[in-house]
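Numbering (my numbering), first residue to last: 19 to 88. All C-beta atoms in this analysis are idealised placements derived from N, C-alpha and C, irrespective of residue type, glycine included. Below you'll find the structure, written out as structure tokens, and then a few comments.
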């Protein structure tokens, strides 16, 4: 079984897409599907960061690119 998840990606520009993931998929699985390095982003559900090993539980998420520098 799978579910559709609408994703807003904020990485300088804002893009949106819908992907299908397995019911048991984790947020880490989702990032792998999108070919996004998990160390460079935060996954937000309703504005709150979620643990990457948690199961995708929402049909609407935001992926926020984290910028660091020094």
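The beta carbon of residue 71 sits closer than 7 Å to those of 44 and 46, all from its chain and outside the five residues before and after it, given in chain order.
The beta-bridge partner set that DSSP reports for residue 38 consists of 22.
Here DSSP, grouped into helix, strand and coil, assigns residue 44 to strand.
Taking 8 Å as the cut-off, the Cβ atoms of residue 19 and residue 41 count as close. Leaving aside the five residues that flank residue 83 on each side, the residues in its chain whose CB is nearer than 8 Å to its CB run, in chain order, 27, 28, 29, 30, 58 and 59.
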